[in-house]
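Participant:
Protein chains: 2
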Amino acid sequence: MNTQTRRQREYEQREKLFLDAARNIIRIDGISALTMDKIAEHTEYAKGTVYKHFTCKEDILCGLCLDSLGLMYEMFSHALTWQGNSREKIICIGVGYQLYTQRFPEEFDLLIAARTNNIRQKASPERLERMDQVDTLVLNAIRAVIQLAIQSGDLTLPEHTQVDDLCLGLWAMSFGLLVLEGARDLISGLELSATNTLLLNQMSCLLDGYHWHPLSTEHDYLLTYQNTFRHLEALIPKD
Amino acid sequence: MNTQTRRQREYEQREKLFLDAARNIIRIDGISALTMDKIAEHTEYAKGTVYKHFTCKEDILCGLCLDSLGLMYEMFSHALTWQGNSREKIICIGVGYQLYTQRFPEEFDLLIAARTNNIRQKASPERLERMDQVDTLVLNAIRAVIQLAIQSGDLTLPEHTQVDDLCLGLWAMSFGLLVLEGARDLISGLELSATNTLLLNQMSCLLDGYHWHPLSTEHDYLLTYQNTFRHLEALIPKD
DNA sequence: TGAAAATGTGACGAATCGTCACTCTATGAC
DNA sequence: GTCATAGAGTGACGATTCGTCACATTTTCA
């Protein structure tokens, strides 16, 4: 009987509807303006129906996060296809991350919150499980580039260093920079270079430290940065 | 008239009392368990009195953050006195950061939250201003080490790179690693080296990339790490 | 067609926020 | 010592929001 599959499809569509409504509210008025009643009102369903889909408000936040992670994964996958050496591919991923957070700062706040015990303690285990899965996908994208670099001889990891160590290092550096960057005007008194080259420069030094070839002295990564920027910019939804 | 100064002193003591109560609640039951009524009850004051000190709940969170930043500044200052080369001093600071977040994970969640627009929009301007000031102090501690390295010839910054760029890079790397580290068990499937060497290794690579001498090939920073760890551990309040 | 299953509802209780009109208390002028 | 006054302290209150659940409505299919 395909009544079941139709039901399933309708259910998923409605879930998407609720998440879209929530995302809109957040983009316009910020996270603290998000209420279950507003989501119900905007979608013309009753609150009870929203709770058929999400166990609590935090579960919705994680649902949104899941979508964001998905988009990020898409962008990262796209970055992998960038024609260039292994370091250029990594830069392309970093640029993707940067573009995303700059385009949707409110949702980046969400990504930050979702790394916090406070939120994760309340969200449903099922959704956390799914977040883990997408996390893994994203990580695999970065891992793939590192593996590629090792195989092609561009990179030799120091002793006692795992692939995942570098993976986390790159992630942490980008994450940290973008979080602090989001609060840039709040951290007064910092005399910084232009936003766009900041991430590039720090990543360059880190990768130079790993002796990931070609080194920044051997290749013009600023050009790569600019090209990948234009390349990925087109992928970002305008809405 | 010193009635005024006494009043002032009492006011500050009570503020400290409220913050201590809030911190206790958070340490025991997490951020979401913090309510204004509980703070009032635990301190045996009425809620209205709490609101004489803090404009809203977020203002309290920022107040706690301010204390944490203060402690961190103290620790960083102490790190500056570490006898060793400039890179060792930076490591000492990193170790201090790590020790703090591991000792008080709940409060680290707070530090993260306080970098988020959501919270900052609600806190009182006065407190945000004070946070900025302490931020600056902390940054100055890092700046000082970088300046020292430059003056002593250990470090020459690349062209188009500011002192503050490196400052932010170091901060971002540590911040990012510690946030992700806090969610370590949540990011399943990551095969990482031991926690303690992770931060050290990533920082080492970054600083090697900057050609900050002595390079990690020329000096045993693992030893530095272990020594500074023991050195600073004693500073952390046991309570 | 109609009984059973699935879906949808919104009034409700509970928790919490932040306010404000008030009571109480310490101060210092006389 | 008395007393008017500033300001410190209160907690009942309205408002908001969460999450629930007993009931209403719709859909399914025998």
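Chains as they are written, first to last, in our numbering: chain A, 1 to 239; chain B, 1001 to 1239.
Glycine is no exception: its CB is placed at the ideal position from the N, C-alpha and C atoms.
Exposed or buried, what is A/H53 when buried is set at 16 or more other beta-carbons lying within 10 Å of its beta-carbon?
Facilitator: buried
Participant: Does the beta-carbon of A/E208 have 16 or more other beta-carbons within 10 angstroms, so that it is buried, or is it exposed?
Facilitator: It is worth fixing the name first, because residue 208 of chain A is Asp in this sequence and not Glu. Result: buried.
Participant: Find the nearest neighbour of B/Q1147 within the set B/V1163, B/V1134, B/V1138, judged by alpha-carbon distance.
Facilitator: B/V1163
Participant: Please name the residue, chosen from B/D1132, B/H1078, B/G1096, B/F1108, that lies closest to B/R1023 on a Cα-to-Cα basis.
Facilitator: B/F1108
Participant: Please state the DSSP three-state secondary structure of A/L166.
Facilitator: helix
Participant: Just to confirm my understanding: we take A/C167, look at its own chain, exclude 5 residues before and 5 after, and list those with CB closer than 8 angstroms. What are they?
Facilitator: L139, I142, R143, I146
Participant: For A/L199, which residues of its own chain have a beta-carbon under 7 angstroms away from its beta-carbon, when the five flanking residues on both sides are left out?
Facilitator: G94, Q98, S174, L177
Participant: Are the segment 116 to 124 of chain A and the segment 55 to 69 of chain A in contact at 8 angstroms, needing three or more beta carbon pairs?
Facilitator: Enough Cβ pairs lie closer than 8 angstroms, so yes.
Participant: Short check: CB of B/C1065 to CB of B/A1021, under 8 angstroms?
Facilitator: no
Participant: So, are the CB atoms of B/Y1045 and B/M1072 less than 8 angstroms apart?
Facilitator: no
Participant: Given this structure, state the Cα-to-Cα distance separating B/C1092 from A/R230, to the nearest angstrom.
Facilitator: 41 angstroms
Participant: Does DSSP put B/F1108 in a helix, a strand or coil?
Facilitator: helix
Participant: Just tell me which of B/V1050, B/I1026, B/T1156, B/L1080 has its CA closest to the CA of B/D1037.
Facilitator: B/V1050
Participant: For a contact meaning CB atoms closer than 7 angstroms, what does B/N1201 contact in chain A?
Facilitator: Neighbours of B/N1201 across chain A, judged by C-beta separation under 7 angstroms: T161, D165.
Participant: Compare the beta carbon distance of B/W1212 and B/A1149 with 8 angstroms and say whether it is the shorter of the two.
Facilitator: The beta carbons of B/W1212 and B/A1149 sit closer together than 8 angstroms.
Participant: Classify A/T81: buried if its beta carbon has 16 or more other beta carbons within 10 angstroms, exposed otherwise.
Facilitator: exposed
Participant: Keeping to the same chain, check which residues put their C-beta closer than 7 angstroms to that of A/M75; ignore five residues upstream and five downstream.
Facilitator: G96, Y100, L232, L235
Participant: Quick check on B/M1173 - is its C-beta less than 8 angstroms from some C-beta in chain A?
Facilitator: yes
Participant: How long is the line joining the alpha carbons of B/L1170 and A/Q8, rounded to whole angstroms?
Facilitator: 48 angstroms
Participant: Which residue spans inside the segment 1047 to 1130 of chain B form an unbroken alpha helix (DSSP H) run of at least 4?
Facilitator: 1047 to 1053, 1057 to 1080, 1086 to 1103, 1105 to 1113, 1117 to 1120
Participant: Going by Cα to Cα distance, which pick from B/Y1011, B/L1110, B/G1048 is closest to B/I1025?
Facilitator: B/L1110
Participant: Near A/P158, which residues of its chain fall below 6 angstroms by C-beta distance, leaving aside the five closest residues on each side in sequence?
Facilitator: none
Participant: Assign A/H160 to one of three DSSP states: helix, strand, or coil.
Facilitator: Looking at A/H160 - three-state DSSP - the assignment turns out to be coil, as it is neither helix nor strand.
Participant: Could you compute how far the alpha carbon of B/I1106 sits from the alpha carbon of A/Q83?
Facilitator: The displayed chain sequence assigns Glu, not Ile, to residue 1106 of chain B. Cα to Cα, B/E1106 sits roughly 44 angstroms from A/Q83.
Participant: Using the beta-carbon count (16 or more within 10 Å), is B/K1016 buried or exposed?
Facilitator: exposed
Participant: What residues in the segment 1062 to 1080 of chain B have a beta carbon less than 8 angstroms from any beta carbon of chain A?
Facilitator: Answer in chain order: no residues at all.
Participant: For A/W212, which three-state DSSP category applies?
Facilitator: coil
Participant: Suppose contacts are defined by Cβ-Cβ distances below 8 angstroms. Is A/I112 in contact with B/I1119 by that definition?
Facilitator: no
Participant: Quick one: is B/S1193 near chain A, going by C-beta distance under 8 angstroms?
Facilitator: B/S1193 belongs to the set of residues whose beta carbon lies under 8 angstroms from a beta carbon in chain A.
Participant: Quick one: is B/D1059 near chain A, going by C-beta distance under 8 angstroms?
Facilitator: no
Participant: Would you grab the beta carbon distance between A/C205 and B/L1206 for me? Rounded to a whole angstrom, and I think it's under 8 angstroms.
Facilitator: 6 angstroms
Participant: With 16 other CB atoms within 10 Å as the buried threshold, where does B/I1028 fall?
Facilitator: Classification for B/I1028: exposed.
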